[in-house]
Structures are given as C-alpha cells and as structure tokens.
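One structure is given here, and the rest of the page talks about it.
Protein chains: 2
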Amino acid sequence: MSSNSSRPSSSDSAPLPPTAAAVTRVPSEPADQPVGRFRHEALAVVLRITDGRLTVLGWQRGRDPFSGAWAVPSGPLTQTETVGAAATRYLAERVDLTQIAHLEQLETRSEPGRDPFDRTIATAYLGLVPADVDPRLPDNAAWLPTDDLPPMAFDHESVIKSAVERLRSKLSYTNLGFALAPREFTISELRQLYVAALGHDVSATNLQRVLTRRSQLEPTGSVSASSRAGGRPAKRFRFVERSMRVTDPFAALRP
Amino acid sequence: MSSNSSRPSSSDSAPLPPTAAAVTRVPSEPADQPVGRFRHEALAVVLRITDGRLTVLGWQRGRDPFSGAWAVPSGPLTQTETVGAAATRYLAERVDLTQIAHLEQLETRSEPGRDPFDRTIATAYLGLVPADVDPRLPDNAAWLPTDDLPPMAFDHESVIKSAVERLRSKLSYTNLGFALAPREFTISELRQLYVAALGHDVSATNLQRVLTRRSQLEPTGSVSASSRAGGRPAKRFRFVERSMRVTDPFAALRP
DNA sequence: TCAAAAGTGTTTTACCTACACCCATGT
DNA sequence: ACATGGGTGTAGGTAAAACACTTTTGA
Chain A
1 MSSNSSRPSS SDSAPLPPTA AAVTRVPSEP ADQPVGRFRH EALAVVLRIT
51 DGRLTVLGWQ RGRDPFSGAW AVPSGPLTQT ETVGAAATRY LAERVDLTQI
101 AHLEQLETRS EPGRDPFDRT IATAYLGLVP ADVDPRLPDN AAWLPTDDLP
151 PMAFDHESVI KSAVERLRSK LSYTNLGFAL APREFTISEL RQLYVAALGH
201 DVSATNLQRV LTRRSQLEPT GSVSASSRAG GRPAKRFRFV ERSMRVTDPF
251 AALRP
Chain B
1 MSSNSSRPSS SDSAPLPPTA AAVTRVPSEP ADQPVGRFRH EALAVVLRIT
51 DGRLTVLGWQ RGRDPFSGAW AVPSGPLTQT ETVGAAATRY LAERVDLTQI
101 AHLEQLETRS EPGRDPFDRT IATAYLGLVP ADVDPRLPDN AAWLPTDDLP
151 PMAFDHESVI KSAVERLRSK LSYTNLGFAL APREFTISEL RQLYVAALGH
201 DVSATNLQRV LTRRSQLEPT GSVSASSRAG GRPAKRFRFV ERSMRVTDPF
251 AALRP
C-alpha cells in the first residue's frame with residue numbers, strides 16, 4: 001500500500017546556498033524568516049518492464065555534481081508550466097519519450113542538502129511505459145534494473161524506491177497493469193509482467209481470475225500461435241480500460 | 001483509495017508573475033526556458049473530529065487575495081528548512097498547535113494561476129489531531145466542517161478534499177485511527193470517531209473485531225462508568241502503537 | 001502417443017458482515 | 001423487574017490461493 005510517511009524537519013547541517021539574497025516580498029514578514037525563492041525541478045521516474053525486469057529510465061550525468069553517476073530525467077520549471085507539464089516536457093526533450101501510458105505525482109523532496117550546489121526542491125512523478133513501447137534512447141540513457149541500481153545522483157535512488165512501492169501498491173487495487181502491458185497479450189505474457197513488477201511469483205491461473213472478476217480484462221477473440229515447443233495456443237486479452245481506475249476499493253469497514 | 005491522479009499542464013491563461021527577472025544559472029539552458037525561482041509554501045491540512053464531525057483547521061484571511069475567505073494554515077519556506085518543518089512551524093506559530101499525532105506529505109500544487117498575486121507552488125501536508133486535544137485557537141481560527149466548507153481561498157477546498165480522501169483510505173488499511181482517538185476510549189466512542197471520519201455508519205461490533213484481529217487495539221483493564229441511563233460499563237481500550245503502520249497490506253496477488 | 005503450454009473446476013482458507021443472544025449496570 | 005447500553009458466539013457470504021484435471025497444439 002502506498003505508505004507515504006511524513007518526512008519531518010531534520011534540517012540540520014544543511015549548507016546554505018551561496019546564491020540568491022532573499023527577496024523580501026511582504027513587508028510584514030519577520031526579518032529572520034525571509035520569503036525565499038527556490039529552484040524547483042520536476043523528476044520523472046519512468047518505469048517499464050524490460051527483459052523480464054522492472055527497470056527505470058536513467059541517464060548518465062556528464063558534469064558535476066555527481067558527474068558519472070546516473071540520474072532520472074529532470075529539469076527546472078519554466079515560469080508558466082506546472083510541474084507535471086515540466087516532467088512530460090523533459091521526457092520528450094531529453095529522451096524523446098512521448099508514449100507514457102500513465103503519469104502521476106509521487107512526492108516532493110525539499111531537504112536543503114539534496115543538491116550540494118544550489119538548493120533545489122524537486123517534485124517527482126511516476127511514469128509508466130508499456131512493455132511493447134521501446135523508444136530509441138540517446139547514448140547516455142538506459143533502462144536500469146530497479147533491484148540493482150548503479151550509483152545514483154542526488155536522492156534519486158530513494159525516489160525510485162518510492163516509485164516502485166507506489167507501483168506495487170497500485171497494481172493490487174487499481175487496473176494499473178494496463179500501463180505496463182501491450183495492447184494485446186496472453187495471460188502468461190501478462191503474468192511475466194506482473195512477476196517482474198511485483199518481485200514475487202504470481203499464478204497465471206489466479207491472475208486471470210482476479211483481473212476478470214474485477215472486469216479489467218476482456219478476450220480479444222484472437223489467439224497466439226503456439227510456440228515451437230507446441231502447446232495449446234493462448235487466447236489474447238486486452239485491458240477493458242486504459243486509464244487508471246480503482247477497481248478494488250478496500251472493503252474493510254465499509255458501510 | 002488514494003487515487004493520486006496526474007495533474008497535467010493546463011497552463012493557459014496564467015498571469016505571468018511581474019517580479020523576479022529569471023536568473024539564468026546554467027549557461028547551456030535555452031534562453032526561452034529560463035531557470036526560474038519560485039515562491040514555495042507549506043500548507044497544513046489539519047483534520048480532527050469535533051463534535052462528531054470531521055473538521056479542518058482554518059483561519060479567516062484579513063487581506064487580499066481572498067480577503068474574508070477561509071484558508072488552511074500556510075506560509076513560505078525559510079532557506080534552511082524542509083517543507084514538512086515549515087508546515088509544523090506554521091502550525092505552532094500561527095495557531096499554537098503542537099500536538100499533531102500524525103503528519104504526512106499529501107501533494108504539491110503548481111498551477112500558475114493558483115495564487116493571483118504571485119506564482120506560488122504549495123506542498124500540502126495532512127496533519128491529524130486527537131479528539132481529546134482541543135488547543136486554544138486565535139479568534140480568527142476555527143474548526144470547519146469538511147462536508148460543509150465556507151468559501152475557501154486559493155485551491156484550499158480541493159486540497160482539503162484530497163486530505164479527506166487520504167484519511168479515509170488510510171483508516172482502512174493502516175492503524176491511523178490512533179491519530180484521531182484519545183489515548184484511552186471505549187469502543188462506542190471510537191465508533192463515533194470512525195463514523196465521523198468515514199462519513200458512513202460503522203458497526204461497533206465489527207469495528208472492534210477488525211481492529212483486534214489486526215492487533216491494533218488492546219484493553220487497558222479499566223472500565224468507564226456507565227452513563228446516567230444505566231447500561232453495562234464499557235471496557236476501555238488503547239491503540240497498541242501510536243505511529244503509523246500498514247496493518248492490512250492488500251492481499252490480492254500476494255506471493 | 002507424448003510433452004508442453006493453456007485453461008477450467010474444485011477445495012481450502014481467510015476475512016468480514018449480520019444477527020441473535022448474553023452480560024452488567026442504573027432506576 | 002426492566003430498560004439501556006456493552007460484549008460475544010455463530011452462521012453465511014465473498015474472495016483468493018492452491019491444486020488437480022482437462023484441452024489443444026507440435027513433434
């Protein structure tokens with residue numbers, strides 16, 4: 001379940017940013033608490049099942065801070081866009097990724113020390129890309145396995161962990177599988193996606209029944225050819241709806 | 001359920017803030033997308049059961065914008081604190097409220113038009129105050145019924161709605177009831193709190209059993225005196241743990 | 001005919017709701 | 001006694017996991 005716990009204070013040992021003499025806007029503010037302005041950036045944690053593993057889109061930084069480390073696509077807001085729009089924009093600009101099946105706000109990180117050069121507040125988004133979408137990535141970008149991340153810049157590793165948690169929760173009580181799956185698929189293909197995303201085994205039998213009972217799946221009528229090893233050809237299915245919906249509002253304590 | 005849906009673009013008709021000639025920090029940024037700095041404030045949506053209703057702490061604004069409307073406690077960050085620390089600080093400073101049983105980050109709003117004077121990004125927190133804590137409030141502050149809010153400033157009404165949604169979800173799958181309840185209580189007192197928070201009826205019988213099965217409740221050993229109308233004296237209970245824990249990770253698709 | 005893969009039927013377990021009934025107190 | 005509110009026992013329903021079994025194909 002999405003356990004967004006609080007992230008209280010702990011603003012010790014925070015190096016004061018060297019820039020930006022604070023702009024006092026409202027005269028009645030006390031002088032010791034100036035109204036500051038802050039760099040604000042959007043982080044896009046884009047997850048996808050790649051070769052049976054849950055991976056995140058990263059790119060390798062070319063300059064300090066954290067030169068050589070990996071980071072999630074990000075960038076500052078313009079004066080007129082929302083954070084969500086900025087996340088979408090940077091994905092398109094930086095890695096030419098426009099086929100996001102789902103995007104939702106994750107959390108905002110504001111620890112003063114998270115960017116050692118200049119204090120930056122970051123609002124992270126969770127994006128999902130279907131497994132059959134495989135955009136051409138720039139040379140310095142790659143899909144990184146979430147269970148074996150390389151050294152990450154800033155607090156990106158912990159933001160990715162949050163995103164994975166969020167995805168795992170929502171796979172249970174929403175129809176979010178549509179955002180990982182191709183438009184059509186067999187149950188065993190879908191099973192592999194769920195196994196990769198959840199990190200534990202899933203029974204194809206029960207997966208089909210659960211998703212069917214919740215009216216998430218419908219058969220397309222077509223069947224896949226059986227593989228070279230033989231076997232019965234699998235029916236193909238699709239998700240009934242391709243936008244997020246809560247399919248299993250938790251029933252405890254209900255009216 | 002916490003349905004954090006994305007909140008994409010829609011950055012039309014946004015009045016450009018008149019201040020702050022954008023500070024270009026990284027030379028390689030394109031000139032038409034300057035790296036801006038933004039006012040950033042913390043919003044504290046504090047919920048409490050007051051007289052059997054779910055209420056939110058608000059105060060009446062004395063100046064524009066939205067003079068006379070109600071708002072949730074808020075204020076800008078200082079240069080060295082996190083957003084969570086700012087939320088906590090404003091609650092203490094503005095309404096002398098320090099007995100928050102639970103605080104968690106909710107969401108960040110960044111629509112350019114949300115503050116008509118000066119673009120401000122706001123990160124909202126959800127705070128909970130036990131029903132037996134009744135802090136003295138300043139004259140211009142009050143507990144407002146969440147199901148019948150007065151006209152609210154900015155986007156505060158919709159942020160409050162999000163907070164109520166979050167609370168209702170988490171009451172189902174976590175032990176968050178501890179943050180609404182007094183240290184000791186009878187089952188029927190607890191039932192009234194859940195009814196107020198969830199907005200629908202709850203059976204005392206089943207509430208007790210559900211919370212006991214999940215090891216959230218334990219008897220204190222003491223009993224309440226029966227009321228003037230007679231009746232069996234009620235046992236008193238307490239929450240076993242008073243920090244948030246997921247007690248019912250949703251079971252579908254589990255290993 | 002056999003192996004492999006897909007799909008269905010059935011059993012078991014867990015949890016939650018509903019409801020009847022018993023318990024302890026004041027009047 | 002009896003009304004009032006508190007607490008427990010039990011039956012019924014729903015959902016999911018586990019597992020045995022059938023179906024459909026290729027070799």
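Protein chains in written order, with full-length UniProt numbering: chain A, 1 to 255; chain B, 1 to 255.
Quick reminder that beta carbons are idealized off the backbone N, C-alpha and C, glycines included.
- Which of helix, strand or coil does DSSP assign to B:GLU81? Three-state DSSP puts B:GLU81 in coil, outside helix and strand.
- Message: Between B:PRO150 and B:TRP59, how many whole angstroms is the CB-CB distance? I'm expecting something under 8 Å.
- Response: Actually they do not touch by this definition, with Cβ atoms about 11 Å apart.
- Message: Contact criterion: CB-CB distance below 8 Å. Does A:ARG37 meet it with respect to chain B?
- Response: At least one chain B Cβ lies under 8 Å of A:ARG37.
- Item | Member of B:ARG209, B:VAL246, B:PHE239 whose CA lies at the smallest distance from the CA of B:PRO130 | Of the listed residues, the one whose Cα sits closest to B:PRO130 is B:PHE239.
- Query: Measuring CA to CA, which of A:ASP115, A:ARG119, A:GLU111, A:SER162 is closest to A:ALA44?
  - Reply: The option with the nearest alpha carbon to A:ALA44 is A:SER162.
- Query: Which partner residues does A:ALA141 have in the DSSP bridge list?
  - Reply: A:TRP59.
- Message: Assuming A:THR220 and A:GLU184 are in contact, meaning their beta carbons sit under 8 Å apart, how far apart are those beta carbons, in whole angstroms?
- Response: Correct: roughly 5 Å between the Cβ atoms.
- Buried or exposed for A:GLU104, please, with buried defined as at least 16 other CB atoms from any protein chain shown within 10 angstroms of its CB. Result: buried.
- Task: Take B:HIS156 as the anchor and find which of B:VAL246, B:GLY62, B:SER74 has the nearest alpha-carbon.
- Result: Distance from the Cα of B:HIS156 is smallest, within the candidate group B:VAL246, B:GLY62, B:SER74, for B:SER74.
- Message: Using a Cβ-Cβ distance cut-off of 8 Å, determine whether A:HIS156 contacts chain B.
- Response: Not an interface residue.
- Query: Does the count of Cβ pairs from the stretch 41-55 of chain B and the stretch 83-97 of chain B closer than 8 Å reach three?
  - Reply: These segments touch.
- Within the chosen definition, does the stretch 133-147 of chain A reach the stretch 123-143 of chain B through at least 3 CB pairs nearer than 8 Å? The answer is no - the stretch 123-143 of chain B does not touch the stretch 133-147 of chain A, with fewer than three Cβ pairs under 8 Å.
- Task: Leaving aside the five residues before and after A:ARG53 along the sequence, list all residues of the same chain whose C-beta is less than 6 Å from its C-beta, in chain order.
- Result: The residues are PRO145, ALA196.
- Query: Applying the criterion that 16 or more other CB atoms from any shown protein chain within 10 Å of the CB defines a buried residue, is B:GLU111 buried or exposed?
  - Reply: The residue is buried, with at least 16 neighbouring Cβ atoms inside 10 Å.
- Task: Within its chain, find whatever has a CB closer than 7 Å to the CB of B:GLY231; leave out the 5 residues flanking it on each side and keep chain order.
- Result: So no residue of the chain qualifies.
- DSSP-derived helix/strand/coil call for B:LEU180: The answer is coil: DSSP assigns B:LEU180 none of H, G, I, E or B.
- Task: Identify whether A:THR111 lies in helix, strand or coil by the three-state DSSP scheme.
- Result: For the sequence presented, residue 111 of chain A should be read as Glu rather than Thr. In the displayed model, A:GLU111 falls within coil according to three-state DSSP, outside both helix and strand.
- From the DSSP output, which residues share a beta bridge with A:MET152? A:MET152 pairs with A:TRP70.
- Item | Chain-ordered neighbours of A:TYR90 on chain B, where CB pairs are closer than 8 Å | In chain order: nothing, as chain B lies at least about 10 Å away.
- Message: Buried or exposed for B:THR247, going by 16 or more other Cβ atoms inside 10 Å?
- Response: Burial call: buried.
- Under 8 Å Cβ-Cβ, which residues of chain A neighbour B:ALA192? According to the sequence provided, residue 192 of chain B is Gln. The question's Ala does not apply to it. Going along chain A, no residue has its Cβ under 8 Å from B:GLN192, so there is no contact; the nearest lies around 14 Å.
- Message: Short of 7 Å in beta carbon distance, which residues of its chain neighbour A:THR174, apart from the five on each side in sequence? Order them along the chain.
- Response: These residues qualify, in order along the chain: MET244, ARG245, VAL246, THR247.
- Query: Which word fits A:PRO249, buried or exposed, when buried means at least 16 other C-beta atoms lie within 10 angstroms of its C-beta?
  - Reply: Under this definition A:PRO249 is an exposed residue.
- Across which residues does DSSP place A:THR120 in a beta bridge pair? DSSP output for A:THR120 lists A:ARG39 as bridge partner(s).
- Query: Name the chain A residues that come within less than 7 Å of B:ILE121, Cβ to Cβ?
  - Reply: What B:ILE121 touches in chain A: HIS40.
- Item | CA-to-CA distance, B:ARG37 to A:VAL23, given in whole angstroms | Reliability of the predicted coordinates at A:VAL23 is poor, the pLDDT of 33 falling under 50, and the value obtained from them is presented with this limitation in mind. Using only the alpha carbons, I get a separation of about 11 Å.
- Task: Could you tell me if A:ASP32 is buried or exposed, where buried requires 16 or more neighbouring beta carbons within 10 angstroms of its beta carbon?
- Result: At A:ASP32, the pLDDT of 40 sits below 50, so the modelled position is not reliable and the matter cannot be decided from this model.
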